[in-house]
Amino acid sequence: MCESITRQASASAHLQVGGFVLYSSVDCPGQLAAVVFVQGCSWSCGYCQNAHLRSFGETAEGRWETVEAQLQRRRGLLDMVIFSGGEPLAQLGLQAAMEQVRALGFKVGLHSAGASPRRLRAILPLCDWVGLDIKALEADYPGLTGRAASGAQAYACLDQLLQSGRAYEVRTTWHPRLFSAERLLELAEQLYQRGVRHFRLQRLQARACLDPSLHSWPPVPEDPQLWQRLGQIFPDFMAR
Ligand code: SF4
30 MCESITRQAS ASAHLQVGGF VLYSSVDCPG QLAAVVFVQG CSWSCGYCQN
80 AHLRSFGETA EGRWETVEAQ LQRRRGLLDM VIFSGGEPLA QLGLQAAMEQ
130 VRALGFKVGL HSAGASPRRL RAILPLCDWV GLDIKALEAD YPGLTGRAAS
180 GAQAYACLDQ LLQSGRAYEV RTTWHPRLFS AERLLELAEQ LYQRGVRHFR
230 LQRLQARACL DPSLHSWPPV PEDPQLWQRL GQIFPDFMAR
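Take the sequence shown: its position 216, counting from 1, is numbered 245 in this note's numbering, and each next residue is one higher.
Here it is in structure tokens:
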């Protein structure tokens with residue numbers, strides 16, 4: 030027992046926290062959740078909205094021990110703790126931090142782009158809900174993330190998630206200048222064939238993007254016809 034606690038505390042001390050939100054009702058459907066923003070991501074998507082979380086390293090915002098102490102005081106007031114980022118799978122301390130959250134009595138959520146199938150396999154049994162980003166068709170990933178293997182990694186994570194039976198949503202951030210509506214529908218059809226039933230289309234917010242050349246892109250227009258076609262593919266669909 031003592032050995033187990035020591036191991037967990039030691040490992041989670043390496044979780045680099047870039048930010049912490051105490052109460053959120055919008056990050057997991059139906060759950061009042063705290064959100065822990067984990068520092069670091071090795072991909073470089075031009076449309077990243079969390080550029081300040083991409084670098085690895087300790088930040089002034091927080092140590093895991095500080096977050097854990099705040100969670101201790103909120104036992105019984107929150108349903109879930111969601112690990113977001115950055116890319117939480119990039120952090121070795123994620124599993125131990127999740128174990129501690131479960132020990133405090135909270136459910137565990139994860140936001141991920143699917144950058145590590147090996148680490149996802151290890152932590153999936155600890156997760157109650159996963160929001161997984163699928164950015165594009167697998168072949169289009171390198172152009173979006175700057176990483177050759179990123180598509181294979183993300184799709185391996187998707188298959189693991191679907192096989193796990195865990196509650197989930199799959200999210201795709203989209204703008205017609207990123208890829209066409211026809212390509213989006215092709216992606217949606219492929220995701221459905223793969224087993225995805227819960228799908229969210231996230232309209233790209235160009236002004237907040239890491240790449241300044243995207244800032245002049247117009248807002249994604251309402252497209253009732255496109256939304257309707259996506260709604261016909263997935264039994265659970267929402268554009269936001
Ligand atoms: S995977 Fe997510 S956090 Fe990483 S660069 Fe892309 S958008 Fe940003």
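Every residue, glycine too, gets a C-beta built ideally from N, C-alpha and C.
Opposing strand residues paired with residue i [DSSP bridges]
i      : result
Glu198 : Gly160
Gln203 : The sequence as given places Trp at residue 203; Gln does not occur at that position. Answer is Arg232.
Among the options, the one whose alpha carbon lies nearest that of residue i
i      : options                        : result
Pro58  : Glu251, Glu116, Leu139         : Leu139
Leu100 : Ser73, Ala62, Gly224, Ala144   : Ala62
Gly86  : Asp108, Val46, Asp169          : Val46
Ala185 : Ala217, Asp157, Leu214, Arg148 : Arg148
Gly134 : His227, Ala142, Leu106         : Leu106
His204 : Leu121, Tyr221, Leu255         : Leu255
Glu198 : Gln182, His227, Glu211         : His227
Pro241 : Ala168, Lys136, Tyr76, Gln222  : Tyr76
Val1   : Trp93, Cys70, Arg83, Thr88     : The chain is shown only over 30 to 269; residue 1 falls outside these bounds and no answer can be derived.
Ser73  : Arg223, Pro146, Cys238         : Cys238
Ala151 : Ala80, Arg212, Pro117          : Pro117
Residue i in three-state terms, based on DSSP
i      : result
Gln60  : coil
Met267 : strand
Phe66  : strand
Arg131 : helix
His81  : helix
Leu51  : strand
Leu106 : coil
Pro117 : helix
Contacts around residue i, its chain only, beta-carbon distance under 7 Å, and the 5 residues preceding and following it disregarded
i      : result
Arg258 : Leu214
Phe208 : Ala165, Asp169
Inspect the CB distances between the stretch 130-138 and the stretch 91-111 and report whether three or more fall short of 8 Å.
-> yes
Meets three-Cβ-pair contact criterion under 8 Å: the stretch 232-251 and the stretch 179-194 = no
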